[in-house]
Amino acid sequence: MAKVLVIEDNVDTQLLLNRTLVPTYEVKMASDLKSAWNYIESEDWDIVILDRSLPDGDGLELCFKLKKLNLESKFSVLVLTAHGELDEKIKGLSAGADDYVVKPFEPRELLARMEAILRRRAAHGSQFQSTIALANLVINIETHAVSAKVGKDETVAIDLTPIEFKILLTLVKNYGKEIDREHLVQTVWDKINLSERNIDTHVCHLRKKIIAGGLVIKNRRGKGYYLKKEEPLLKKVTPLSSTVTTSLPYFKRSLNGNLAN
Numbered sequence: 005m006a007k008v009l010v011i012e013d014n015v016d017t018q019l020l021l022n023r024t025l026v027p028t029y030e031v032k033m034a035s036d037l038k039s040a041w042n043y044i045e046s047e048d049w050d051i052v053i054l055d056r057s058l059p060d061g062d063g064l065e066l067c068f069k070l071k072k073l074n075l076e077s078k079f080s081v082l083v084l085t086a087h088g089e090l091d092e093k094i095k096g097l098s099a100g101a102d103d104y105v106v107k108p109f110e111p112r113e114l115l116a117r118m119e120a121i122l123r124r125r126a127a128h129g130s131q132f133q134s135t136i137a138l139a140n141l142v143i144n145i146e147t148h149a150v151s152a153k154v155g156k157d158e159t160v161a162i163d164l165t166p167i168e169f170k171i172l173l174t175l176v177k178n179y180g181k182e183i184d185r186e187h188l189v190q191t192v193w194d195k196i197n198l199s200e201r202n203i204d205t206h207v208c209h210l211r212k213k214i215i216a217g218g219l220v221i222k223n224r225r226g227k228g229y230y231l232k233k234e235e236p237l238l239k240k241v242t243p244l245s246s247t248v249t250t251s252l253p254y255f256k257r258s259l260n261g262n263l264a265n
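Here it is as structure tokens:
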């Protein structure tokens, strides 16, 4: 059963959507962007039905955030709003929405549009995706090449062993979830028996290599490994010229004082 997250603050609309969707879909409701984002981070969704006039902002802010984090392909977005002007529709679709429905809406039409979205997702999912981008990291599934964007137009290659690549791919595909060691063994090494210490060693090496791509591998005790986006730490170096310039007034005062004596 497909999972649908409804982001809508109007109680009457929530009730109507619940009656329309529950027989066919697994549905959860969020009344603002903050609570919606908590649901998005903690669960997988197939479709998000998004109102625009929410208590804490325009619903399209969610679309922009998904684009910024390279998560727009995580689920489909159907905007359901009273903003029916042509410019507003174009704005919504340009922000990344897969469809745009204006209130008041016909429940049967909404269901038909949702089914069409799911068919497109299924067709798209059947096509092989050759690259995955997450944070500043780009992974080529076909060639196993991994690179990190370190500047506006600059990328650096990251050299991974075959095992490290499999671990990374598993963590990226399950971004936001904790993957325990047993799952990694089954996915990466299949039926080969390896100790937890061996797994930890490979993860430790991988952690050091991918930090330039803005991703950090975290380990929650008793739960497993997971990826977290984190800006690479850059050393702040004081330019020599500024140090010299700052020191000159003090040098002059000291020199004048000594001459006066």
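So the sequence shown is numbered by the numbering used here: it starts at 5 and just counts up by one.
For every residue, glycine included, the Cβ atom is placed at its ideal position computed from N, Cα and C.
A quick note: this is a predicted structure, and the numbers were derived from the prediction, not measured.
- DSSP lists S151 as the bridge partner or partners of A161.
- Your pair L82 and I51 checks out as a contact, with CB atoms roughly 6 Å apart and the cut at 8 Å.
- In this structure the segment 181 to 190 does not touch the segment 152 to 169; the number of beta carbon pairs closer than 8 Å is below three.
- Going by C-alpha positions, L25 is about 14 Å away from E12.
- Around the beta carbon of E168, 16 or more other beta carbons lie within 10 angstroms, which makes this residue buried.
- Secondary structure at M5: coil, using DSSP grouped into helix, strand and coil.
- The DSSP assignment places complete alpha helix (DSSP H) segments of no fewer than 4 residues inside the segment 64 to 144 at 64 to 72, 90 to 98 and 111 to 130, in order along the chain.
- Listed as beta-bridge partners of D62 by DSSP are S57.
- With distances taken between CA atoms, K32 lies nearest to W49 out of W49, K38 and E234.
- Between A139 and G228, the beta carbon gap of about 20 Å keeps them out of contact (Cβ cut-off 8 Å).
- Residue state for Y43 is assigned as helix, using DSSP reduced to three classes.
- Here T85 is buried. Its C-beta has 16 or more other C-beta atoms within 10 Å.
- E30 is bridged by DSSP to K7.
- Membership of N223 in the beta strand (DSSP E) is indicated by the continuous run L219 to R224.
- Considering only Q18, L164 and D163, the residue with the shortest C-alpha distance to I53 is Q18.
- If you look at K232, you'll find it in the beta strand (DSSP E) that goes G228 to K233.
- Taking 8 Å as the upper bound for CB-CB distance, L37 and D60 are in contact here, some 5 Å apart.
- Distance between E234 and R224, taken at the CA atoms: about 17 Å.
- In terms of Cβ geometry, L64 and A99 form a close pair [threshold 8 Å].
- Secondary structure note for V15: its alpha helix (DSSP H) is the uninterrupted segment V15 to L25.
- In this structure, A149 sits away from A137, with a CB-CB distance that is not shorter than 8 Å.
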